[in-house]
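Chains A and B, in that order, are what the protein sequence lines are. Using UniProt numbering, read the first sequence as starting at 1 and increasing by one per residue. Using UniProt numbering, read the second sequence as starting at 1 and increasing by one per residue. Even for Gly, the Cβ is constructed at its ideal location relative to N, Cα and C. For clarity, every value in this text was computed on a predicted model and none was experimentally measured. Let me begin by presenting the structure, written as structure tokens, before commenting on it.
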Amino acid sequence: MTPATTQPVVRIHDLHKSFGDREVLRGIDLTVAPGEVVCVIGPSGSGKSTLLRCVNLLEEPTAGSIEVLGAEVTDADVDIDRVRTHVGMVFQQFNLFAHLTVLENCTLAQRGVLRRSRAEAERVATANLERVGLADRAAAMPGQLSGGQQQRVAIARALSMDPRLMLFDEPTSALDPELVGDVLGVMRDLADAGMTMLVVTHEMAFAREVADRVVFMDDGVVVESGPPDQVIGAPLEERTRTFLQRVLDPTHRHPQD
Amino acid sequence: MTVDLTAPAGRARMSPRRRARLSRGVQYVVLLVVVAVVVVAADWSNVGETIFNPAAAADMLDRLPRAFYNTVRYTLAAFAVGLSLGTVLALMRLSSVAPYRWISTGYVEFFRGIPALLVVIAVGYAVPIAFGVALTSILAIAAIALGAVSAAYISETIRAGIQAVPRGQVEAARSLGMSHTRTMAQVVLPQAFRTVLPPLTNEVLLLTKDTSLLFVLGQTPAFFELTKVGRDALSTASGGLTGLFVVGACYLVITIPLGIVARRLERRTGGRA
Chain A
1 MTPATTQPVV RIHDLHKSFG DREVLRGIDL TVAPGEVVCV IGPSGSGKST LLRCVNLLEE
61 PTAGSIEVLG AEVTDADVDI DRVRTHVGMV FQQFNLFAHL TVLENCTLAQ RGVLRRSRAE
121 AERVATANLE RVGLADRAAA MPGQLSGGQQ QRVAIARALS MDPRLMLFDE PTSALDPELV
181 GDVLGVMRDL ADAGMTMLVV THEMAFAREV ADRVVFMDDG VVVESGPPDQ VIGAPLEERT
241 RTFLQRVLDP THRHPQD
Chain B
1 MTVDLTAPAG RARMSPRRRA RLSRGVQYVV LLVVVAVVVV AADWSNVGET IFNPAAAADM
61 LDRLPRAFYN TVRYTLAAFA VGLSLGTVLA LMRLSSVAPY RWISTGYVEF FRGIPALLVV
121 IAVGYAVPIA FGVALTSILA IAAIALGAVS AAYISETIRA GIQAVPRGQV EAARSLGMSH
181 TRTMAQVVLP QAFRTVLPPL TNEVLLLTKD TSLLFVLGQT PAFFELTKVG RDALSTASGG
241 LTGLFVVGAC YLVITIPLGI VARRLERRTG GRA
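What follows is the structure, given as structure tokens:
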């Protein structure tokens with residue numbers, strides 16, 4: 001279902017990243033095709049968030065190359081701000097601008113970076129807030145919203161830039177369990193609408209149902225990658241099996257413990 | 001009372017409630033004694049003559065509004081300079097260009113370390129000699145000298161405010177394609193200023209009092225601020241020290257409301273975080 005022949009949205013080759021002496025990414029290769037939804041799973045500390053943050057250069061790679069929308073972001077002279085306008089990012093901690101209203105959160109970068117008029121920016125923002133079901137909270141301050149609402153606003157804020165790629169960094173990990181569904185619902189709609197998405201998540205059900213491809217990472221390398229039915233349903237690698245067992249069946253003692 | 005578990009055997013022990021009551025009683029007695037000593041020791045007829053002399057106070061009345069206005073004006077001018085220069089210094093301190101950081105650090109250490117009075121004298125007398133310019137306006141001297149000193153303190157406050165803005169705010173702004181400068185101006189600084197509003201109010205309060213240092217400059221009556229008027233009253237009027245107490249009250253008229261505002265702001269921002 002994914003057009004593999006077209007130019008990939010993300011092409012990562014032999015990516016390494018170290019924090020001091022600690023090597024967090026140890027040679028990652030990954031491509032994301034247009035319209036593809038790729039979920040990255042793996043134990044904490046496996047480097048999946050770092051991988052995601054390297055894509056829009058929130059982390060500077062130590063070695064290797066990353067191409068995003070045809071631009072080499074690992075080139076020192078890349079206009080990274082320009083690349084970032086086309087790449088939406090959603091954080092675990094929402095990171096809404098605390099001093100601005102919901103609507104202003106969604107219009108700030110549209111007006112400053114894309115140079116849209118106030119009317120145009122507000123029209124786009126309102127449309128995206130409607131899309132995440134929060135148009136009625138446009139005048140609210142972020143602090144007045146629940147975590148789930150904040151995260152949906154964060155998604156609307158990113159979408160207001162008309163991105164061609166969306167990065168999600170554990171978007172539901174900081175939410176109360178009953179609020180997770182709303183956010184995942186918005187993400188599923190987005191995937192259905194054809195958005196290219198790279199999602200770091202612990203939500204196995206989401207990965208299984210929405211992802212075109214699941215990538216399992218451990219200890220800084222990609223251990224296994226393929227369709228969700230294979231990676232989650234019938235993993236080939238022992239490490240993947242161990243991880244899934246712990247995630248899907250956390251109350252059981254495992255013999256290898 | 002059933003069993004005393006902690007007292008050493010054979011020794012009666014006061015209950016904590018009784019001990020607290022005794023301690024409060026002692027504190028009240030100390031307070032009363034101090035007040036009594038002050039009341040008895042003071043020479044009240046002299047106090048009325050030389051400290052709270054109504055006639056001498058009335059004598060100053062026509063000069064007070066102008067002086068009050070000047071004090072406020074000098075404060076605001078100095079704060080305007082202090083706030084803008086302080087913001088620039090704070091940004092320099094956090095700059096990735098090392099010499100900027102050195103300059104900022106050196107500036108702060110220098111102006112924090114020398115008395116404001118020296119800076120006022122330097123700007124009032126040394127700068128005109130050094131640069132061949134005549135600074136006739138006390139307002140300009142106040143803005144430059146007191147602004148330069150308060151900028152040192154304000155920059156430290158603002159730097160702390162900037163560093164208190166969560167890193168995620170910057171990451172969110174940058175990932176929307178906003179440049180470093182735009183992120184600073186539209187996301188970080190507005191939030192930093194909100195955090196430092198209470199300490200900044202405090203800074204205005206200190207500046208109000210520091211305008212009294214301008215009395216060392218020779219001035220024409222139109223430029224007199226409160227302390228100058230108070231000091232002049234010392235030598236001209238018969239009311240002794242009354243002049244100083246009158247202008248002291250005037251300072252309180254400015255600073256007490258400011259203090260109340262600062263506390264309000266503190267409560268509000270405290271509740272928000």
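Where the segment 106–119 of chain A meets chain B: residues whose CB sits under 7 angstroms from a CB there: For the segment 106–119 of chain A, which is checked against every Cβ of chain B, the residues closer than 7 angstroms are L108, A109, G112 and V113.
Buried/exposed call for B:F110, threshold 16 Cβ in 10 Å: Classification for B:F110: exposed.
Sub-8 angstroms separation of A:A158 and A:L134 beta-carbons: No, the pair does not count as a contact, with Cβ atoms beyond the cut-off.
Contacts of A:Q93 in chain B (Cβ-Cβ under 7 angstroms): Those within 7 angstroms of A:Q93 in chain B are G168.
Three-state secondary structure assigned by DSSP to B:L226: DSSP places B:L226 within a helical segment (H, G or I) once states are collapsed to three.
Contact under 8 angstroms by Cβ, A:P142 with A:Q151: In this structure, A:Q151 does not lie closer than 8 angstroms to A:P142 by Cβ.
A:P61 burial status per 10 Å Cβ neighbour count (16 or more: buried): Classification for A:P61: buried.
Beta-carbon gap between B:V123 and B:I141 smaller than 8 angstroms: A contact, by the Cβ cut-off of 8 angstroms.
CB contact below 8 angstroms: B:P199 versus chain D: Absent here is chain D; the protein component of the structure consists of chains A and B.
Chain A contacts from the segment 167–196 of chain B (Cβ-Cβ distance under 8 angstroms): Correct list: G168, Q169, E171, A172, A173, R174, S175, L176, G177, M178, S179, R182, Q186, V187, P190, Q191 and R194.
Those runs of the alpha helix (DSSP H) which lie wholly inside the segment 175–215 of chain A and span at least 4 residues: Taking only runs of at least 4 residues, the alpha helix (DSSP H) segments lying wholly in the segment 175–215 of chain A are 177–192 and 204–210.
Within-8 angstroms CB hit, A:T74 to chain B: Under the Cβ criterion of 8 angstroms, A:T74 is not counted among the residues facing chain B.
Under 8 angstroms between C-beta atoms of A:T196 and A:V9: Contact annotation: A:T196 and A:V9 have beta-carbon atoms nearer than 8 angstroms.
Alpha helix (DSSP H) runs wholly inside the segment 116–173 of chain A, at least 4 long, in chain order: List check, alpha helix (DSSP H) in window: 118–131 and 147–159.
Beta-carbon proximity of A:G47 to A:F243, cut-off 8 angstroms: Not a contact, by the Cβ cut-off of 8 angstroms.
DSSP beta-bridge partners of A:L25: When beta bridges are read from the DSSP output, A:L25 appears opposite A:K17.
Best match in B:V149, B:L200, B:Y69 and B:L94 for proximity to B:L118 [C-alpha to C-alpha]: Out of B:V149, B:L200, B:Y69 and B:L94, the CA that lies nearest to the CA of B:L118 is found in B:V149.
Own chain, CB closer than 8 angstroms to A:L108, minus 5 neighbours either side, in chain order: Only F97 and L100 meet the Cβ criterion.
Secondary structure of A:S225, DSSP reduced to three states: Three-state result, A:S225: strand.
Chain B within 8 angstroms of A:L58, Cβ atoms only: Yes, A:L58 counts as interfacial toward chain B.
Nearest-angstrom Cβ-Cβ length linking A:R84 and B:L176, presumed shorter than 8 angstroms: About 7 angstroms separates the two Cβ atoms, so the contact holds.
is_contact[A:R82, chain B] using C-beta, thresh 8 angstroms: Closer than 8 angstroms to some Cβ of chain B, the Cβ of A:R82 qualifies, so yes.
Straight-line gap, A:F94 to B:E156 (C-alpha atoms, nearest Å): The alpha-carbon atoms of A:F94 and B:E156 are separated by roughly 29 angstroms.
Member of B:P16, B:H180 and B:R13 whose CA lies at the smallest distance from the CA of B:S96: Cα-wise, what sits closest to B:S96 is B:H180.
Listed by chain order, chain B residues near A:A98 by CB distance under 8 angstroms: Within 8 angstroms Cβ-Cβ: Q169 and Q191.
Helix, strand or coil at B:S23 [DSSP, three-state]: In the structure shown, B:S23 sits in a helix (DSSP, three-state: H, G or I).
A:L30 in three-state terms, based on DSSP: In the three-state scheme derived from DSSP, where H, G and I count as helix and E and B as strand, A:L30 is classed as strand.
Coil, strand or helix - A:D218 by DSSP: Strand at A:D218.
Beta-carbon proximity of B:A151 to B:L89, cut-off 8 angstroms: Judged by their CB atoms, B:A151 and B:L89 are nearer to each other than the 8 angstroms cut-off.
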